[in-house]
Amino acid sequence: MHKLLCAALLLLLPLLWSKPATSSPSSGHRYKSIFSFGDSFADTGNNPVVFGWYSVFDHVTRPPYGTTFFGRPTGRNGDGRLIIDFIAENLGLPYVPPTLVHNGSFRRGANFAVGAATALDTGFFHERDIPGGSSKFPLNTSLGVQLEWFESMKPTLCRTPRECKNFFGRSLFLVGEFGVNDYHFSFQRKTVQEVRSFIPDVVATISMAIERLIKHGARSLVVPGVIPSGCSPPILTKFAGAPPTAYDSKTGCLTAHNELGLYHNLLLQAALAKLRTKHRNIKIIYADFFGPIMEMVESPHKFGFEEDVLMVCCGGPGRYGMNSTVPCGDAAATTCRDPSARLYWDGVHLTEAANRHVADVWLGEINPSTGVSRKQGAKGPCRLGRHKI
């Protein structure tokens, strides 16, 4: 697996780090609004509404969700602000309102992201009996559905092609993260190798969505990669019976699941490079989600985190603080004393402290004057960004 990924990377390097022949929009671009698509990493409050449609109880409506910053649950999957909140703050924009909750204007931005959303449409999973059993997931909130919501809203924002070009040309579009739920749902029924075969479909879906948004007038798009699932407490809990050889001896993460994420990110970056070549006047930014999380896992003290970095802050009894019968928000759940000293909040989701670091890295590309600048490139023996494949 390592050799195959290395070979693929070496073939794609010229494409990944080639510069467009003409200049992209200025790095000093002043955005007037943010339009967001994604899952629970970006959802600022749509989650409880959608879950209500399907009669699924949503624990994010209970404390201690939101208490670190907002003082109450807001529908966000975390103790406080998400990455998108820090981006909005940095750009001098209001927090991006969830479209299913907000009753006011969306001219300063709209958030279509929904917790548990997938890139692929629900039919893909139901045809394969994923995740199986009596589960209602995935719900009908895929990337395609979210784009339909955006297209339905569009006439309220602009009326003519010229007006839309001007309006969306001053907007920042966040497309994702997408892929994590596609893979995590699939892990319930499929092997890592079987799930790996879905990756080209997921990446193609994201690529087509970007093309669709560009046709609507989007000029600046941020497209995040996926997280290192092998370090995610829910995945570590589900595969707790894996043999010792399945784990990275340094981090305690599951190697095969992390390699799957690296492969997704490799294909996504190649797809984005092709889009940049096709649309040379469009700013398309790849946002590294994998790298910043691995940095926090590998060097927790550097970020003020406790040594047992894979433990969640809020949950029930279990090796990683994870328990399917006692989720965060349950009356029997416990919460750590200091969420800012933890990487993970309730499972796959990050604490506000971790979200802040990821946001800083992304802002290094979105708004270089204030973010943490990071030059990506191959370093050492077959590396993607700062992490070995």
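In mature numbering (1 follows the signal peptide of the UniProt record, and there is no 0), the protein residues as written are -23 to -1, 1 to 366.
For every residue, glycine included, the Cβ atom is placed at its ideal position computed from N, Cα and C.
How many angstroms separate the CA atom of residue i from the CA atom of residue j?
{"i": "S346", "j": "I259", "result": "20 Å"}
{"i": "T38", "j": "H334", "result": "25 Å"}
{"i": "G281", "j": "C290", "result": "14 Å"}
{"i": "R196", "j": "S226", "result": "43 Å"}
{"i": "K113", "j": "E342", "result": "38 Å"}
{"i": "R176", "j": "S82", "result": "Residue identity check: residue 176 is Ile in the sequence provided, not Arg. Taking the straight line from one Cα to the other gives about 37 Å."}
{"i": "F145", "j": "G218", "result": "49 Å"}
{"i": "T95", "j": "Y160", "result": "9 Å"}
{"i": "L237", "j": "Q165", "result": "15 Å"}
{"i": "K142", "j": "A250", "result": "23 Å"}
{"i": "P71", "j": "N242", "result": "30 Å"}
{"i": "A336", "j": "F266", "result": "9 Å"}
{"i": "E66", "j": "G22", "result": "17 Å"}
{"i": "T182", "j": "Y8", "result": "26 Å"}
{"i": "residue 372", "j": "T328", "result": "The displayed coordinates of the chain run from -23 to 366. Any statement about residue 372 would go beyond what the structure contains."}
{"i": "L213", "j": "N24", "result": "25 Å"}
{"i": "T118", "j": "H278", "result": "38 Å"}
{"i": "P74", "j": "L340", "result": "20 Å"}
{"i": "T254", "j": "V286", "result": "40 Å"}
Report, in whole angstroms, the separation of the C-beta atoms of residue i and residue j, which I expect to be a contact under 8 Å.
{"i": "G324", "j": "P211", "result": "5 Å"}
{"i": "V180", "j": "L244", "result": "5 Å"}
{"i": "V27", "j": "L116", "result": "6 Å"}
{"i": "M273", "j": "L320", "result": "5 Å"}
{"i": "V200", "j": "G153", "result": "6 Å"}
{"i": "E283", "j": "A318", "result": "5 Å"}
Using CA atoms only, rank isn't needed, just tell me which of the options is closest to residue i.
{"i": "L97", "options": "P71, T51, L124", "result": "L124"}
{"i": "S209", "options": "N143, M271, M185, V33", "result": "M271"}
{"i": "M130", "options": "V169, P294, H79", "result": "H79"}
{"i": "N158", "options": "P108, F145, Y224, R136", "result": "P108"}
{"i": "D106", "options": "A336, S317, S163, Y42", "result": "S163"}
{"i": "V151", "options": "A264, P71, A248, P40", "result": "First, the amino acid is wrong: residue 151 is Leu here, not Val. Ranking the options by Cα distance to L151, first place goes to A264."}
{"i": "G55", "options": "R257, G293, P41", "result": "P41"}
{"i": "I11", "options": "E284, H36, A87", "result": "A87"}
{"i": "G222", "options": "L213, T232, C313", "result": "One point to set straight first is that residue 222 is Thr, not Gly, in the sequence displayed. The option with the nearest alpha carbon to T222 is T232."}
{"i": "P316", "options": "A308, N332, T99", "result": "N332"}
{"i": "I261", "options": "A318, D62, E188", "result": "E188"}
{"i": "L190", "options": "H256, Y224, S276", "result": "H256"}
{"i": "G100", "options": "V122, R85, L68", "result": "V122"}
{"i": "G292", "options": "I64, V286, A308, V274", "result": "A308"}
{"i": "V172", "options": "S148, R58, F102", "result": "F102"}
{"i": "L77", "options": "T45, G202, G43, D20", "result": "D20"}
Measuring CB atoms only, is the stretch 77 to 92 touching the stretch 7 to 23, in the sense that at least three cross pairs come out at less than 8 Å?
Yes, they touch.
Take every Cβ of the stretch 24 to 32, pair it with every Cβ of the stretch 300 to 309, and state whether three or more of those distances are shorter than 8 Å.
Flag = no, the stretch 24 to 32 and the stretch 300 to 309 do not touch.
If contact is defined by three or more beta carbon pairs under 8 Å, each pair taking one atom from either stretch, is the stretch 128 to 142 in contact with the stretch 49 to 58?
Taking one beta carbon from each stretch, the stretch 49 to 58 and the stretch 128 to 142 have fewer than 3 pairs nearer than 8 Å; the two do not touch.
Can you list, in chain order, the stretches of the beta strand (DSSP E) that have 3 or more residues and sit fully within the stretch 167 to 208?
Those beta strand (DSSP E) runs which fall completely within the stretch 167 to 208 and span 3+ residues are 197 to 201.
Whole beta strand (DSSP E) runs in the stretch 6 to 58 with 3 or more residues, listed along the chain?
10 to 14, all fully within the stretch 6 to 58.
Could I get the ranges of all uninterrupted beta strand (DSSP E) runs contained in the stretch 253 to 330, with 3 residues as the minimum, in chain order?
If we require 3 residues or more, the beta strand (DSSP E) runs fully inside the stretch 253 to 330 come out as 260 to 264.
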